[in-house]
Each structure stands twice: as structure tokens, then as C-alpha cells.
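This report concerns only the one structure given below.
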Amino acid sequence: MQKRLMKTIIILSTALFTTTSYSLTADEIVKKSNLASYYSGDDGKSYVKMDIKDSQGRKRKRELIILRKDLEEGGKQLFYLYFRKPSDVRKMVFLVHKNIKTDDYRWLYLPALDLVKRIAASDKRTSFVGSNFFYEDVSGRSVNEDKHELINTTDNSYIVKNTPVNPDSVEFSFYTVEIDKKTYLPLKAVYTDKNGKEYRIAEVLSVENIKGFATVTKSRIKNLVSGSETVISFSKVKYNLGLKKKIFTERYLRKVPRIARK
Amino acid sequence: MRTKNVILTGIVLLFQSLYAGDLQDKIYDATGFEINGFIDVRQGFRTVDADNQKDYSISELRTRLDAFGEFDLLTLSLKGDFVGDSVDEEVRAELREFSLQFSPFDALDIKLGRYTITWGTGDLVFINDLFPKDWESFFTGRDDEYLKIPSNAVKTSFFSDFVNVDIIWSPIHNESVYIDGSRLSYWNPNTQQIEGINNIMEDEERDNYFHDSEYDLRVSKTFGGTEIALYNHSGYWKTPEGFNASGNLIYPRLVAYGASLRAQILGGIFNIEAGYYDSRDDDKGDDAYIRNSETRFFTGFEKELGKHFTGAFQYYIEWMDDYEEYGSTAVGAKKDEVRHLLTLRLTKLLMTQTLVLSVFTYYSPSDSDFYTRPKVTYKYNDDLLFELGANVFGGSNEHTFFGQFEKNSNVYTAVRLNF
Numbered sequence: 302m303q304k305r306l307m308k309t310i311i312i313l314s315t316a317l318f319t320t321t322s323y324s325l326t327a328d329e330i331v332k333k334s335n336l337a338s339y340y341s342g343d344d345g346k347s348y349v350k351m352d353i354k355d356s357q358g359r360k361r362k363r364e365l366i367i368l369r370k371d372l373e374e375g376g377k378q379l380f381y382l383y384f385r386k387p388s389d390v391r392k393m394v395f396l397v398h399k400n401i402k403t404d405d406y407r408w409l410y411l412p413a414l415d416l417v418k419r420i421a422a423s424d425k426r427t428s429f430v431g432s433n434f435f436y437e438d439v440s441g442r443s444v445n446e447d448k449h450e451l452i453n454t455t456d457n458s459y460i461v462k463n464t465p466v467n468p469d470s471v472e473f474s475f476y477t478v479e480i481d482k483k484t485y486l487p488l489k490a491v492y493t494d495k496n497g498k499e500y501r502i503a504e505v506l507s508v509e510n511i512k513g514f515a516t517v518t519k520s521r522i523k524n525l526v527s528g529s530e531t532v533i534s535f536s537k538v539k540y541n542l543g544l545k546k547k548i549f550t551e552r553y554l555r556k557v558p559r560i561a562r563k
Numbered sequence: 140m141r142t143k144n145v146i147l148t149g150i151v152l153l154f155q156s157l158y159a160g161d162l163q164d165k166i167y168d169a170t171g172f173e174i175n176g177f178i179d180v181r182q183g184f185r186t187v188d189a190d191n192q193k194d195y196s197i198s199e200l201r202t203r204l205d206a207f208g209e210f211d212l213l214t215l216s217l218k219g220d221f222v223g224d225s226v227d228e229e230v231r232a233e234l235r236e237f238s239l240q241f242s243p244f245d246a247l248d249i250k251l252g253r254y255t256i257t258w259g260t261g262d263l264v265f266i267n268d269l270f271p272k273d274w275e276s277f278f279t280g281r282d283d284e285y286l287k288i289p290s291n292a293v294k295t296s297f298f299s300d301f302v303n304v305d306i307i308w309s310p311i312h313n314e315s316v317y318i319d320g321s322r323l324s325y326w327n328p329n330t331q332q333i334e335g336i337n338n339i340m341e342d343e344e345r346d347n348y349f350h351d352s353e354y355d356l357r358v359s360k361t362f363g364g365t366e367i368a369l370y371n372h373s374g375y376w377k378t379p380e381g382f383n384a385s386g387n388l389i390y391p392r393l394v395a396y397g398a399s400l401r402a403q404i405l406g407g408i409f410n411i412e413a414g415y416y417d418s419r420d421d422d423k424g425d426d427a428y429i430r431n432s433e434t435r436f437f438t439g440f441e442k443e444l445g446k447h448f449t450g451a452f453q454y455y456i457e458w459m460d461d462y463e464e465y466g467s468t469a470v471g472a473k474k475d476e477v478r479h480l481l482t483l484r485l486t487k488l489l490m491t492q493t494l495v496l497s498v499f500t501y502y503s504p505s506d507s508d509f510y511t512r513p514k515v516t517y518k519y520n521d522d523l524l525f526e527l528g529a530n531v532f533g534g535s536n537e538h539t540f541f542g543q544f545e546k547n548s549n550v551y552t553a554v555r556l557n558f
């Protein structure tokens with residue numbers, strides 16, 4: 302009887318331990334993946350090109366420079382986006398103070414009017430500059446917004462299923478991400494809508510090692526419903542430039558610093 | 140005729156090469172200047188027959204050339220428009236910017252020349268932004284950019300962890316373009332009726348360099364996502380708010396003080412701004428020919444109401460000082476002591492943000508008048524944009540701010556090619 306009880310306890314606790322360690326692992330993986338994707342170095346700079354193809358096959362381009370500075374590892378970040386092309390958005394600046402627990406702060410500078418506009422930022426899953434990327438795809442989705450489940454492990458990657466904590470806040474019911482075991486970069490994400498249909502795929506097309514940081518240099522998001530897609534490429538990527546915090550203020554909206562321009 | 144054709148061909152060739160981007164790259168390589176611009180064709184018609192005005196409210200071809208250069212110590216910016224305007228029946232050049240910007244010290248920025256200046260928190264309502272506006276452009280459907288007129292000024296900005304300070308000095312009064320009857324009809328308080336090209340207002344410009352100079356000051360600070368600022372203007376009214384003995388419009392003295400706050404709350408952007416306009420040439424408010432002092436205030440809130448759908452609401456008041464004195468001296472139709480104004484902006488982005496539907500409406504319950512600006516813009520591709528819009532005015536009385544413009548209501552369409 303005692304033996305049996307002991308056995309049960311051992312089995313139960315093992316099961317419990319295993320499950321806990323599994324779920325911890327999923328959270329750990331996602332946390333590492335978030336750091337690898339959005340927090341490499343203390344700061345970074347990149348030339349960004351976006352090629353947008355709409356559902357009718359028409360092409361549009363965006364060219365911008367992104368500066369990033371981390372205030373906390375895995376936490377608050379500052380982003381400075383300077384638009385180079387096309388002509389109608391040229392010289393506009395988009396400034397984001399990314400917050401984790403509250404909404405981000407966003408400012409848009411319109412040089413033709415010398416106007417610093419505040420942008421309401423409650424919905425992060427709206428299109429970024431008319432592309433298939435959402436704001437969240439550019440600056441990262443908070444790891445606390447989803448429940449993470451490790452559903453499979455292959456030789457090279459972890460497959461994590463992410464279910465939103467607050468399902469009404471998003472258009473997906475869940476998404477699965479394939480995360481590279483070595484670099485922790487998310488290589489592919491597939492989004493499933495509320496009817497159980499896959500409708501959106503984000504894929505990494507190329508990864509380069511830059512100063513020791515595995516860096517995505519090209520990725521693509523496809524909307525399977527509309528047929529539109531956006532390819533984003535990052536070039537001249539640099540890390541640990543020692544970017545000053547003051548760059549990410551109103552002063553430098555009106556006076557674009559050289560580092561953001563060239 | 141032949142010369143005209145040659146010039147036209149030359150212009151077309153120039154833009155073809157600019158459009159292809161070759162020439163832009165060549166100029167950049169040779170000089171370090173980025174060259175950009177656009178061609179904008181705009182045609183608008185009145186929707187109501189107006190006496191003493193042409194049938195079309197706008198009819199113009201505009202070519203923008205924009206040169207920007209960044210050098211070791213400074214940046215140089217030059218923007219100019221060449222306009223063929225068949226309402227004014229003229230071809231003219233407009234200098235939109237010619238400025239130098241540099242930082243002699245780490246904590247100091249200086250910008251000088253001619254350029255657009257904006258501050259304050261209002262959305263198409265202004266209290267502490269006492270920089271010149273072009274209401275004629277705004278009411279006839281030119282691009283929003285043309286609401287702001289560039290100022291000739293020196294802007295000195297100091298930055299510190301404590302506060303930031305901007306001081307703007309203009310050696311000469313930079314005035315707004317007001318509705319003078321030449322293109323849009325207006326309520327003339329002297330004749331007590333609507334007038335147009337039959338009675339174009341004359342004003343006496345303050346064009347005496349240094350004597351007619353102005354100062355603007357802003358002290359600002361941002362705490363996280365909360366922006367606060369204090370303002371001061373020392374100069375003149377931007378629109379001619381007085382008459383002299385010969386019946387001409389004049390720009391009386393104005394000193395203004397104000398403050399603003401802008402923050403993110405309840406998932407939206409909240410703003411509040413106030414100011415006191417001290418009309419120095421009419422201290423007691425008993426001069427019937429000069430606008431009284433007044434207190435101005437507004438508050439607003441903007442929020443995403445749905446996917447790619449934003450709504451913004453503002454409530455604005457103008458509260459006249461010394462209303463009794465005004466009441467006992469003013470002749471003809473009188474203004475209310477307090478003017479209340481509500482604004483509503485709705486913006487919807489469709490078709491991956493290539494189609495934008497928007498409407499901005501001013502409504503004054505105290506004046507019983509309104510002004511609404513519906514607009515549709517469609518980006519065919521990165522370079523080509525189509526626009527269709529209207530400016531509709533209405534009111535119960537002929538003398539109120541928007542009511543006087545009822546017969547200027549218009550619709551317009553535009554095509555813009557960026558290069």
C-alpha cells in the first residue's frame with residue numbers, strides 16, 4: 302500500500318515536474334527568441350527596404366533607416382525611423398518609445414508642416430506603412446501577450462504554439478512559430494484565424510552573422526487571403542554604435558541626425 | 140507660340156529624366172544635393188453661384204523643386220514652387236523654404252532663413268501657434284501643407300535635461316493670408332454685407348524691418364509620454380484685426396501667453412491648450428476698430444475607433460474681454476462674448492492604406508455655422524496620387540466666422556506626381 306502510494310507520488314510529481322519544465326521551456330524559448338530577434342546588442346542601425354505587392358500585383362517600395370536603443374534587456378526600447386522613399390513620405394520621421402506594460406508612445410514628424418503629431422497606438426496589429434508587416438512585427442510582440450506551448454521539437458528547431466491571453470485583442474486564434482535551436486531566431490510563423498484557417502505566413506529568407514549576432518537580413522510576410530505580400534530586407538546592419546538616448550526626442554525629429562540619414 | 144512649345148518640351152524632358160531618377164542621382168553625385176519635387180494640377184468649382192466671384196475656386200498647375208544638402212557643419216534646404224494660376228491669372232514663384240540649420244554647441248540648434256514653423260497641440264485649431272497661415276489655400280483645397288506660410292526667422296533652440304527653450308526672432312512681421320475678397324467673398328463689417336472682387340480689402344503691411352520684428356518663445360519638457368509647454372508671442376496679430384482712420388486694415392499689436400499639455404490616456408491622445416491674447420492697441424476694449432483681448436482654450440481627444448479608423452474630437456472657445464465696452468462701441472452685427480467651436484475628424488484607411496477617406500468638420504453652436512472638409516485620396520502607386528475633396532460652409536447668419544463664406548463652398552480635384 303505504502304509502496305503503491307510512493308509510486309503514485311513519484312509518477313505524479315514526475316509528470317508534474319515534466320509538464321512544468323516543458324512549459325517553462327516554452328516560455329524560456331520564446332523569451333530567448335524575443336531577445337535574439339529584437340534586442341541584439343545595446344543598440345542597432347539598419348537600412349530597410351520593403352517591397353510590397355498588393356492583391357492586384359501592383360508593386361510599391363519603402364526605404365527607411367531604423368535606429369534602435371534598448372533601455373532594458375527584453376523591456377523598454379526606443380526606435381527612430383527615417384523615411385527615404387518614396388517621395389511622398391520622404392524625410393518623415395517616426396519615433397516610437399516601446400513600452401511593455403502600457404501602450405507605446407508614437408510620434409510622427411511631417412516636415413512639410415513642421416508638425417510633430419502624436420499617434421494613438423492602442424492597436425499594434427495594424428499595417429505598418431501600408432505593408433503586410435504590422436507595427437508589432439517591426440518592434441516585437443510582447444511575450445506576455447500569449448500563452449506559449451512547446452508542441453514539437455525537431456533536430457534544428459522548436460515548434461511553439463502561441464495562444465493570445467486576450468483573444469479579442471487580435472485577429473488570430475493562435476500562431477505557431479518555428480524557432481531555430483542554435484540562434485533562437487523565429488524562422489517561420491503561421492497564423493490561424495478564428496475559423497481555424499491559416500491566413501498569414503511570416504518567413505525568414507536569409508540570416509547573416511553580424512558581429513556575432515545572428516541577424517535576419519530578409520524576411521517575407523504573405524497574406525494568404527488577399528494574396529498580397531511584403532518582402533523586407535535589412536542591410537548595412539550595425540550593432541553597439543553607442544547611440545545616445547537624446548536622439549529619440551522631439552529635437553531630432555526636427556533636426557534629423559546624420560547617423561539616421563546616411 | 141513656337142517658343143512656348145520649345146519651353147514645354149524642355150520641361151517635359153526635364154521631368155521625364157527626373158522621374159526616371161537618373162538626373163537626381165547625377166545631381167546628388169556631382170553636388171551632394173538631393174533633388175525632389177512634384178507636379179500638382181488642381182481644379183475646383185464653386186457649388187453656389189457667388190456674386191462678384193469667378194466660377195472656379197482654384198485652377199492651377201504647381202511644380203515643386205526641393206533641394207536638400209547635408210554638409211559637415213550644416214544642412215541647407217531650398218524649396219520653391221512655380222505656379223500657373225488661372226484664377227489670379229498669373230504665373231508666380233513661391234519660396235517655401237531657404238534655410239540653414241546648424242549646431243554651434245552640443246546643446247544648441249540654430250535654424251535661419253525662410254521656413255515653416257509649427258508648435259502647439261491643436262488639430263487645425265491654433266492658439267499658441269502664432270505663425271502665419273494661408274486661409275485662402277485652406278478654404279480652396281490646396282494641399283494641407285499650404286495652410287502654413289513660411290516665416291522669415293531665426294530659431295534658436297537650447298536643450299537640457301531640465302527644459303528645452305526655443306526662441307524665434309523674426310526681423311519683420313510674417314502675416315497670414317486672410318480672406319480679402321480677391322478669391323473668396325467675405326463679410327465686410329464696414330458695409331455690413333458680403334463683398335467679393337468688387338471690394339477687395341486693403342491692408343497696411345508691417346514691412347519695416349527690425350521695427351516690425353516679432354518674438355516667439357516656447358519652454359517645453361517631456362515626461363515619458365506627457366508633453367508640456369509654455370508659450371509667449373510678442374508682436375502683432377497675424378490677421379488684420381483692426382481698421383485705421385482711412386478704412387484700411389491694420390495689424391494691431393499682440394502679446395500672447397499660453398500653455399499646453401499632451402498625453403496618452405485611455406488608449407488615445409489627449410490634449411489641452413490655453414492662451415491669453417492681449418490686444419495691446421485696445422487695452423480697455425473700447426476701441427471699436429481694434430479687436431479686443433481674449434482668452435482662448437481647447438481640449439481634444441483622438442482614438443482609434445477600429446482597424447485603420449481614427450476619430451478625433453476637439454472643443455474650442457474664444458472668450459472676449461471687456462464685452463460691455465465692445466457692446467457699447469461696436470457698430471452693426473455683433474459677435475458673441477464667447478464663441479464655442481467643436482471639431483470632429485474621422486479618417487479611414489482602406490486598400491492597404493492607398494485609399495484614404497477623411498472628413499474634418501468645424502461646428503459652432505454659438506455662431507450656428509459650420510465648415511466641413513470631406514476628402515478622398517487615392518495613391519495609384521508610390522508616385523501618383525489622386526484627390527477629390529470639398530469645402531462646404533454654412534450658417535444662419537452672414538456675419539459669423541464660417542457663415543460669411545457660405546457662397547464660397549467648393550469642390551475640387553487634384554492629381555499629383557511625385558519625383
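Here the protein sequences come in this chain order: A and B. Residues 302 to 563, numbered by the working numbering, are exactly what the first sequence covers, in order. Residues 140 to 558, numbered by the working numbering, are exactly what the second sequence covers, in order. Note that the Cβ used here is the ideal one computed from N, Cα and C, for glycine as well. Keep in mind it's a predicted model, so treat the numbers as computed, not measured.
Query: Completely contained alpha helix (DSSP H) runs for the region 233–290 of chain B, where each covers 4 or more residues; Result: 274–279
Query: Assigned secondary structure, residue 363(A) (DSSP; H/G/I helix, E/B strand, else coil); Result: strand
Query: For residue 311(B), the three-state DSSP class (helix, strand or coil); Result: coil
Query: Start and end residues, beta strand (DSSP E) containing residue 176(B); Result: 172–185
Query: Residue from 169(B), 163(B), 542(B) and 195(B) with nearest C-alpha to residue 552(B); Result: 195(B)
Query: For residue 388(B) and residue 421(B), the rounded distance between their alpha carbons; Result: 15 Å
Query: Exposure of residue 243(B), with buried meaning 16 or more beta-carbon neighbours within 10 Å; Result: exposed
Query: Which residues DSSP lists as bridging residue 361(B), in chain order; Result: 366(B)
Query: Of the residues 478(B), 296(B) and 534(B), the one placed nearest residue 553(A), counting alpha carbons only; Result: 296(B)
Query: Top-ranked residue by Cα proximity to residue 279(B), from 412(B), 403(B), 182(B) and 225(B); Result: 182(B)
Query: DSSP-derived helix/strand/coil call for residue 406(A); Result: strand
Query: For residue 540(B), the nearest candidate out of 265(B), 478(B) and 414(B) (CA to CA); Result: 478(B)
Query: Simplified DSSP state of residue 332(A), which is helix, strand or coil; Result: helix
Query: Residue-chain proximity (residue 473(B), chain A), Cβ-Cβ < 8 Å; Result: no
Query: CB contact check: residue 421(A) to chain B, cutoff 8 Å; Result: yes
Query: Alpha-carbon spacing of residue 411(A) relative to residue 393(A), whole angstroms; Result: 5 Å
Query: 8 Å Cβ cut-off: residues of chain B touching residue 481(A); Result: The contacting residues do not exist; residue 481(A) stays about 30 Å from chain B at best.
Query: Helix, strand or coil at residue 420(B) according to DSSP, with G and I counted as helix; Result: helix
Query: Uninterrupted beta strand (DSSP E) stretches inside the region 401–475 of chain B (no shorter than 3 residues); Result: 407–417, 433–445 and 448–459
Query: Beta-carbon spacing of residue 365(B), residue 317(B) below 8 Å; Result: no
Query: CB contact below 8 Å: residue 413(A) versus chain B; Result: yes
Query: Residue of 283(B), 483(B), 386(B) and 197(B) minimising C-alpha distance to residue 225(B); Result: 197(B)
Query: Chain A residues whose Cβ lies nearer than 8 Å to that of residue 447(B); Result: 427 and 428
Query: Among 508(B), 281(B), 515(B) and 489(B), the one whose alpha carbon lies nearest that of residue 498(B); Result: 515(B)
Query: Sequence-distant residues of the same chain with beta carbon closer than 8 Å to residue 399(A), five excluded per side; Result: 377, 378, 379, 380, 405, 440 and 441
Query: Coarse secondary structure for residue 518(A), derived from DSSP in three states; Result: strand
Query: Proximity below 8 Å, CB of residue 488(A) to CB of residue 461(A); Result: no
Query: Meets three-Cβ-pair contact criterion under 8 Å: the region 527–544 of chain A and the region 198–210 of chain B; Result: no
Query: For residue 362(A) and residue 165(B), the rounded distance between their alpha carbons; Result: 21 Å
Query: Whether residue 207(B) touches residue 237(B) by CB criterion (8 Å); Result: no
Query: Neighbourhood of residue 331(A) by C-beta distance below 7 Å, restricted to the same chain and skipping five residues each side; Result: 444, 449 and 461
Query: Closer than 7 Å at the beta carbon, the chain A residues around residue 521(B); Result: 361, 362 and 387
Query: Where the beta strand (DSSP E) containing residue 384(B) begins and where it ends; Result: First-last for residue 384(B): undefined, no H or E at that position.
Query: Entirely enclosed beta strand (DSSP E) segments - the region 498–549 of chain B, minimum 3 residues; Result: 508–518 and 523–534
Query: Short CB-CB distance (under 8 Å) between residue 303(B) and chain A; Result: yes
Query: DSSP-derived helix/strand/coil call for residue 324(A); Result: Any reading at residue 324(A) must be qualified, since the residue scores a pLDDT of 45, below 50, and its modelled position is unreliable; no value is offered.
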